[in-house]
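Below is one structure, written out as structure tokens, with a few remarks after it.
Protein chains: 2
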Amino acid sequence: MEKNYSNYDLDNLDIQILSILMQDASIPYTEIAKKLIVSGGTIHVRMKKMEEMGIIHGSNLIINPQKIGFDITAFLGIYLEKGSQYADAVEQLKNVKEIVELHYCTGQYSMFAKIICRDTAHLRKVLNEDIQSLKGIQRTETIISLEESIRRQITL
Amino acid sequence: MEKNYSNYDLDNLDIQILSILMQDASIPYTEIAKKLIVSGGTIHVRMKKMEEMGIIHGSNLIINPQKIGFDITAFLGIYLEKGSQYADAVEQLKNVKEIVELHYCTGQYSMFAKIICRDTAHLRKVLNEDIQSLKGIQRTETIISLEESIRRQITL
DNA sequence: GTTGAAAAGTGCTGCGA
DNA sequence: TCGCAGCACTTTTCAAC
Chain A
1 MEKNYSNYDL
11 DNLDIQILSI
21 LMQDASIPYT
31 EIAKKLIVSG
41 GTIHVRMKKM
51 EEMGIIHGSN
61 LIINPQKIGF
71 DITAFLGIYL
81 EKGSQYADAV
91 EQLKNVKEIV
101 ELHYCTGQYS
111 MFAKIICRDT
121 AHLRKVLNED
131 IQSLKGIQRT
141 ETIISLEESI
151 RRQITL
Chain B
1 MEKNYSNYDL
11 DNLDIQILSI
21 LMQDASIPYT
31 EIAKKLIVSG
41 GTIHVRMKKM
51 EEMGIIHGSN
61 LIINPQKIGF
71 DITAFLGIYL
81 EKGSQYADAV
91 EQLKNVKEIV
101 ELHYCTGQYS
111 MFAKIICRDT
121 AHLRKVLNED
131 IQSLKGIQRT
141 ETIISLEESI
151 RRQITL
């Protein structure tokens, strides 16, 4: 499905389309076409090209977790017993639904996760029962977010 | 715009609509209606209600930053000289476009940021010139993501 | 609150330049 | 390769249940 393009054959038009759609994916193609002074068909062709290039991976709803009862966002520094257990740990952690992001990284932690829970009891359950009990995980450090001050997309 | 609803008057239908749309926001209402065996109009009414409740905040494109030349994802632990400088620091950090998330949090760091940069030179510039030079910021700790193993929405 | 259908607007495709 | 025009589909609205 994914064709072989050079990573950098995006022109100004492509970038401008992305910039608009990254802020609000529900803006119709026809309106973008008007703004950029091209036809709607052109927007369509460019979008299709960028999907084939693997730049665009679909779209998703921006929801506010707190409004549906998920009150706690936390970051988790994970220490592995051995670095070589990484691939295994990832597979196990994929089953923990509360993890929304997981990174393999430099620095003191072997891995770094972002998790979203309903309340403190839920967080404790996830930490104790779902994560710290996994094979290869030595210990974890928890950072709880008290306020999300900024949340946005990159600027092109 | 945002009406006063209790935070928990979501029924099963609302939850199911959210679950479907959170995975792919481009699925048409008519198709959701078929799956859940209700009419398209009902989906529309429910979505409007959830927007008014502030649960849904729009939609956005899922893009792959690496494919458009943003190769480095990093997390930044930020130490403030005084905790009281938080509000001020947030205002300043809003001007740093490379920051995509910023949290006020518990633990050793006063604040915690996620940043996306083009390359190591870009990262160094952002750290030295844009962030560490700001008033009130004592020092920072950088964690670079070598691989994003998991990236998904919460499961309802 | 839900339904079903009609009206308005959008996305997609093929032809021409 | 791009732009235009027609068709199919989706969203939105509304009267009735």
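Protein sequence lines, in the order shown, are assigned to chains A and B. Residue 156, in this note's numbering, is where the first sequence stops; the numbers in between run on with no holes. Residue 156, in this note's numbering, is where the second sequence stops; the numbers in between run on with no holes. From the three backbone atoms N, C-alpha and C, an ideal C-beta is built for every residue, glycine too.
### Task
With DSSP collapsed to three states, give me the class of Q138/B.
The sequence position of residue 138/B within the second sequence is 138, counting from 1. Q138/B falls in the strand class under three-state DSSP.
### Query
Alpha carbon to alpha carbon, what distance is there between I137/B and E147/A?
Residue numbering aside, residue 147/A sits at position 147 when the first sequence is read from its first letter. Residue numbering aside, residue 137/B sits at position 137 when the second sequence is read from its first letter. Rounded to whole angstroms, E147/A to I137/B spans 18 Å at the Cα level.
### Query
Mind checking if Y79/A is an interface residue toward chain B, Cβ cutoff 8 Å exclusive?
Numbered from 1 along the first sequence, position 79 holds the residue referred to as residue 79/A. No, Y79/A does not count as interfacial toward chain B.
### Query
Where in the segment 30 to 83 of chain A do unbroken runs of the alpha helix (DSSP H), each at least 4 residues long, occur, reported from the N-terminal end onward?
40 to 52
### Task
Give the DSSP-derived three-state secondary structure of K125/A in the structure shown.
Against the first sequence, residue 125/A aligns to sequence position 125. Residue state, collapsed to three classes: helix.
### Message
Residues in the same chain with beta-carbon distance under 6 Å from S145/A, minus the five sequence neighbours each way, listed in chain order, please.
### Response
Walking along the first sequence from the start, residue 145/A turns up at place 145. T73, listed in sequence order.
#### Entry: Cβ-Cβ distance between S149/B and L134/A below 8 Å
One-based indexing of the second sequence puts residue 149/B at position 149. One-based indexing of the first sequence puts residue 134/A at position 134. No, they are not a contact pair.
### Task
Please determine if the segment 16 to 29 of chain B and the segment 98 to 115 of chain A are in contact, where contact requires at least 3 C-beta pairs separated by less than 8 Å.
no
### Message
I want to verify the contact list: residues of chain A whose CB lies under 8 Å from the CB of K67/B, in sequence order.
### Response
Indexing the second sequence from 1 puts residue 67/B at position 67. Residues of chain A passing the Cβ test: N7, M53, G54 and I55.
### Query
How about G83/B: is its C-beta nearer than 8 Å to some C-beta of chain A?
Within the second sequence, residue 83/B is the residue found at index 83, counting from 1. It does not: the Cβ of G83/B has no partner Cβ on chain A nearer than 8 Å.
### Task
Would you kindly work out how many angstroms separate the C-alpha atoms of E52/A and K34/A, rounded to a whole number?
For the purposes of this step, residue 52/A is taken as the residue at position 52 of the first sequence. For the purposes of this step, residue 34/A is taken as the residue at position 34 of the first sequence. Looking at the two C-alpha atoms, the distance is approximately 24 Å.
### I68/B and I55/A closer than 8 Å at C-beta
By one-based count along the second sequence, residue 68/B stands at place 68. By one-based count along the first sequence, residue 55/A stands at place 55. Against a cut-off of 8 Å, the Cβ pair of I55/A and I68/B comes out as a contact.
### Task
Note the first and the last residue of the continuous beta strand (DSSP E) segment covering V100/B.
For the purposes of this step, residue 100/B is taken as the residue at position 100 of the second sequence. Looking at the DSSP string, the run of the beta strand (DSSP E) that includes V100/B is I99 to C105.
### Message
Please return the same chain residues whose Cβ sits closer than 8 Å to the Cβ of H122/A, not counting the five positions on each side in sequence.
### Response
Within the first sequence, residue 122/A is the residue found at index 122, counting from 1. Once the five neighbours on either side are set aside, the close Cβ partners of H122/A are I72 and E98.
### Query
Would a check of beta-carbon distances place S149/A closer than 8 Å to chain B?
In the first sequence, counting from the first residue as 1, residue 149/A sits at position 149. Closer than 8 Å to some Cβ of chain B, the Cβ of S149/A qualifies, so yes.
### Task
To the nearest angstrom, report how far apart K48/B and T120/B are at their CA atoms.
Translated into positions along the second sequence, residue 48/B becomes position 48. Translated into positions along the second sequence, residue 120/B becomes position 120. Answer to the nearest angstrom: the Cα atoms are 44 Å apart.
### Query
In chain B, which residues lie with their C-beta within 9 Å of the C-beta of S110/A?
Locating residue 110/A in the first sequence gives position 110, counting from the first residue. The premise fails here: S110/A is roughly 11 Å from chain B at the closest Cβ pair, so nothing lies under 9 Å.
### Query
Which same chain residues, not among the five before or five after I27/B, have their C-beta less than 8 Å away from its C-beta?
The residue given as residue 27/B occupies position 27 in the second sequence. Contacts found: I20 and L21.
### Message
With a threshold of 8 Å between beta carbons, is N12/B in contact with chain A?
### Response
Translated into positions along the second sequence, residue 12/B becomes position 12. It does not: the Cβ of N12/B has no partner Cβ on chain A nearer than 8 Å.
### Message
Let me check one thing: in DSSP terms, what residues is E147/B bridge-paired to?
### Response
The sequence position of residue 147/B within the second sequence is 147, counting from 1. For E147/B, the beta-bridge partners assigned by DSSP are Y104/A.
#### Entry: Spatial neighbours of L13/A in its chain, beta-carbon cut-off 6 Å, leaving aside the 5 residues before and after
As a position in the first sequence, residue 13/A is number 13, starting the count at 1. Contacts found: none.
### Task
Compare the C-beta of V100/A against all C-beta atoms of chain B and say whether one is closer than 8 Å.
Counting from one through the first sequence, the residue named residue 100/A turns up at place 100. V100/A has a beta carbon lying within less than 8 Å of a beta carbon in chain B.
### Query
Hey, would you say P65/A sits closer than 8 Å to I131/A, going by beta carbons?
Within the first sequence, the letter at position 65 stands for residue 65/A. Within the first sequence, the letter at position 131 stands for residue 131/A. Going by C-beta atoms, P65/A is not nearer than 8 Å to I131/A.
### Query
Can you list the residues of chain A that V90/B reaches, using a CB-CB cut of under 7 Å?
Here residue 90/B refers to the residue found at position 90 when the second sequence is read from its first residue. Result: S149.
### Query
Can you give the Cα-Cα distance for T155/B and L80/B, rounded to whole angstroms?
On the second sequence, position 155 is the one that residue 155/B refers to. On the second sequence, position 80 is the one that residue 80/B refers to. Taking the straight line joining both Cα atoms gives about 35 Å.
### Task
Report back the beta-carbon spacing between I78/B and G58/A to the nearest angstrom; my notes put them in contact at under 8 Å.
Within the second sequence, residue 78/B is the residue found at index 78, counting from 1. Within the first sequence, residue 58/A is the residue found at index 58, counting from 1. Actually they are not in contact, since the Cβ atoms of I78/B and G58/A sit about 32 Å apart, beyond 8 Å.
### Message
Let me see if you follow: with CB-CB separation under 8 Å, is H161/B close to chain A or not?
### Response
Shown here, chain B extends from 1 to 156; a query on residue 161/B therefore has no answer.
### Message
Run through chain A and tell me which residues come within less than 9 Å of G40/B, C-beta to C-beta.
### Response
Here residue 40/B is taken as the residue at index 40 of the second sequence, counted from 1. None at all; the shortest Cβ gap to chain A is about 17 Å.
### Message
Measuring alpha carbon to alpha carbon, tell me which residue in I43/B, I143/B and K114/B is nearest I15/B.
### Response
As a working mapping, residue 15/B is identified with position 15 in the second sequence. The shortest Cα separation from I15/B among I43/B, I143/B and K114/B belongs to I43/B.
#### Entry: With 16 other Cβ atoms within 10 Å as the buried cut-off, status of N60/A
Within the first sequence, residue 60/A is the residue found at index 60, counting from 1. Taking a 10 Å sphere around the C-beta of N60/A, we find 16 or more other C-beta atoms and assign the residue as buried.
### Task
May I ask you to list, following chain order, the residues of the segment 116 to 128 of chain A that have a beta carbon less than 8 Å from some beta carbon of chain B?
I116
### Bounding residues of the beta strand (DSSP E) (the contiguous stretch that carries I20/A)
Looking up residue 20/A in the first sequence gives position 20. It is not in any beta strand (DSSP E) - I20/A instead sits in the alpha helix (DSSP H) that spans N12 to Q23.
### Query
Any idea if K94/B is buried or exposed, counting beta-carbon neighbours within 10 angstroms, 16 or more meaning buried?
For the purposes of this step, residue 94/B is taken as residue 94 along the second sequence, with counting starting at 1. In summary, K94/B is exposed, with fewer than 16 beta-carbon neighbours lying within 10 Å of its beta-carbon over all protein chains present.
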